[in-house]
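Engineer: Under the working numbering, the residues of the sequence shown are numbered 436 to 840, in order. Structure incoming, see below.
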Amino acid sequence: MSHMTEQERRDEVAHFMKIVTAFRQYEAYAISANTRRRRDFYRLPKEDKEILDSLGWRKQLDMVDELIHENAKVLERIVANPAIFMDQEELALAENNNHDVRDSHGMDHMHSHGDGAHSHSHSSHSHSHGSHETSRRQQVSATDMDKVRSTLKQIVRDWSEEGKAERDVTYKPMIDALLEHFPDQGTWPEKKVLIPGAGLARLGWELAFLGFETQCNEFSHFMLLPSYFILNETKDVNQHTIYPHIHTFSNAMSAKSMMRGISFPDVSPSSLPRSSRFSMVAGDFEELFGPKEDPEEDETEQWDAVLTCFFIDTAKNIVNYLRIIHRILTPGGIWINCGPLLWHFENSEDISIELSLEEVKELAAKIGFELKDQRTIDTSYVGDEGSMLSYVYKTAFWTATKFAK
Ligand SMILES: C[S@@+](CC[C@H](N)C(=O)[O-])C[C@H]1O[C@@H](n2cnc3c(N)ncnc32)[C@H](O)[C@@H]1O
């Protein structure tokens with residue numbers, strides 16, 4: 436962050452504005468998709484319209500418009516104050532360059548990594564590979580709009596009552612493994628825990644709640660904006676309601692389940708004990724935690740635990756990810772992993788090394804980890820209880836310590 440050129444800084448602000456714009460244009464995009472449904476309905480023969488009307492189809496479309504509006508209100512609030520993240524003047528400048536953005540079909544096509552459910556955006560530092568991305572006036576890409584919709588589902592995963600089942604399957608065994616490694620509760624406040632690729636930061640929040648000094652690391656503003664909103668601007672339990680499942684009608688068990696509201700947060704984020712130490716660091720994991728020339732900035736042996744949940748497959752070069760995790764752990768520290776290997780860069784122009792699970796484990800041993808408690812945990816990721824389709828990841832769970840020297 437510290438050694439950015441003027442151009443890089445400008446690109447970063449433009450990239451950030453592009454994301455804010457995507458949140459702000461959600462409503463127009465979503466309404467336009469629903470308008471297509473209404474148009475199709477009107478093109479049908481009269482008797483078909485009548486029979487569909489008797490099922491309540493038209494009313495349902497009207498209702499979905501209303502729910503889109505409700506979602507938009509929450510999304511607007513999430514990006515209401517972007518100056519928290521970027522300098523006000525720079526933002527104003529970027530916004531002035533951002534006028535002709537309203538063409539719902541004029542989307543530019545960035546390549547996407549991973550599916551929407553398991554998606555990520557480029558860091559503010561690594562987004563310069565698409566020349567059209569920064570040189571053009573900002574338009575909302577289909578990929579970015581998909582990420583806005585995914586953000587809503589991510590809120591369900593991390594901060595709703597409905598997401599608890601999914602969290603219990605993955606976060607809970609990770610937390611249990613940490614507690615088993617550090618059984619003495621009195622030591623927890625001295626134990627520093629890092630969560631790279633923290634998403635909306637619920638796992639980190641849980642650990643801070645228990646008393647660990649916890650830092651979340653995340654590079655996507657699609658995650659940073661909502662997690663800031665939830666953690667710092669939301670006071671009451673179930674203060675907000677979103678409707679994350681209305682964007683596709685496919686595989687809906689019922690209209691009711693598709694349109695169900697999900698309230699969040701299921702806990703009051705500000706209920707952390709006063710003494711708790713919980714922070715979020717924005718930026719690229721490799722850049723922030725890789726070796727530094729300045730010893731003040733170097734993270735070597737600074738962390739008692741690193742918890743990676745659905746994260747290691749975001750690596751372009753997994754060797755470097757594991758090397759960094761190994762290096763930053765204290766000698767008695769622990770690395771706890773749970774996740775699949777959906778290599779995010781597999782279909783991109785970036786470097787991508789896609790090892791199998793067996794190879795990742797072999798690599799970890801070569802880097803200097805001793806893997807223990809290895810098992811498979813079956814779980815969904817941002818799964819929808821009301822859908823006829825569900826994906827199950829057979830995630831790899833392990834704990835790992837450094838070999839004694
Ligand atoms: C699949 S999500 C998992 C989020 C969270 N751990 C969970 O289990 O819900 C992966 C996250 O890692 C973030 N990420 C990917 N590469 C990263 C990097 N190099 N540095 C920091 N965060 C990164 C993405 O933005 C995304 O939020």
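No residue lacks a Cβ here, since even glycine has one placed at the ideal position from N, Cα and C.
Do Thr836 and Trp770 have their CB atoms nearer than 9 Å?
Structural biologist: Judged by their CB atoms, Thr836 and Trp770 are nearer to each other than the 9 Å cut-off.
Engineer: Would you say the beta carbon of Asn652 is closer than 8 Å to some non-hydrogen atom of ligand 1?
Structural biologist: yes
Engineer: What is the residue span of the alpha helix (DSSP H) that Thr743 lies within?
Structural biologist: Note, Thr743: premise wrong, no alpha helix (DSSP H); beta strand (DSSP E) at Trp738 to Cys744.
Engineer: Roughly how many angstroms lie between the CA atoms of Trp738 and Phe647, to the nearest whole one?
Structural biologist: 11 Å
Engineer: Could you tell me which uninterrupted alpha helix (DSSP H) segments, each at least 4 residues in length, are contained entirely in the segment 653-711, listed from first to last along the chain?
Structural biologist: Note on the segment 653-711: whole alpha helix (DSSP H) runs with a minimum of 4 residues are 656-668 and 690-693, in chain order.
Engineer: Taking 8 Å as the cut-off, is the beta-carbon of Met715 closer than that to any non-hydrogen atom of ligand 1?
Structural biologist: no
Engineer: Nearest chain C C-beta to Asp497 closer than 9 Å, yes or no?
Structural biologist: Note that chain C does not occur in the displayed structure, where there is just one protein chain.
Engineer: Shorter than 8 Å, the distance from the beta carbon of Gly818 to the closest heavy atom of ligand 2, or not?
Structural biologist: Inclusion of ligand 2 in the displayed structure is not the case, the ligand content consisting of ligand 1 alone.
Engineer: Could you please give me the residues that DSSP links to Met715 through a beta bridge?
Structural biologist: Cys651
Engineer: Where does Ser576 fall in DSSP's three states?
Structural biologist: coil
Engineer: Is Ala612 near ligand 1, judged by its Cβ being under 8 Å from some heavy atom?
Structural biologist: no
Engineer: Can you list, in chain order, the residues of its chain whose CB lies under 6 Å from that of His540, leaving out five sequence neighbours each side?
Structural biologist: Its pLDDT being 32, under 50, His540 is placed unreliably by the model, and nothing is read from it.
Engineer: Which of helix, strand or coil does DSSP assign to Val817?
Structural biologist: coil
Engineer: Would you give the residue range spanned by the alpha helix (DSSP H) that Thr834 belongs to?
Structural biologist: For Thr834, no alpha helix (DSSP H) run applies; the uninterrupted beta strand (DSSP E) run containing it begins and ends at Tyr828 to Lys837, by DSSP.
Engineer: Under a Cβ-count criterion, where at least 16 other Cβ atoms within 10 Å of its own Cβ denotes burial, should Arg637 be classed as buried or exposed?
Structural biologist: If you draw a 10 Å sphere on the C-beta of Arg637, you find 16 or more other C-beta atoms in it, and that means buried.
Engineer: Check the C-beta distance from Phe476 over to Leu490 and give it rounded, since I have them as a contact under 8 Å.
Structural biologist: That belief does not hold up - the Cβ atoms of Phe476 and Leu490 are roughly 11 Å apart, past 8 Å.
Engineer: What's the call for His567, buried or exposed, on a 16-neighbour Cβ count within 10 Å?
Structural biologist: Because the pLDDT at His567 is just 39, under 50, the model does not fix this residue reliably, and the point stays unresolved.
Engineer: Quick one: Cα of Arg493 to Cα of Gln674, how far?
Structural biologist: Taking the straight line from one Cα to the other gives about 30 Å.
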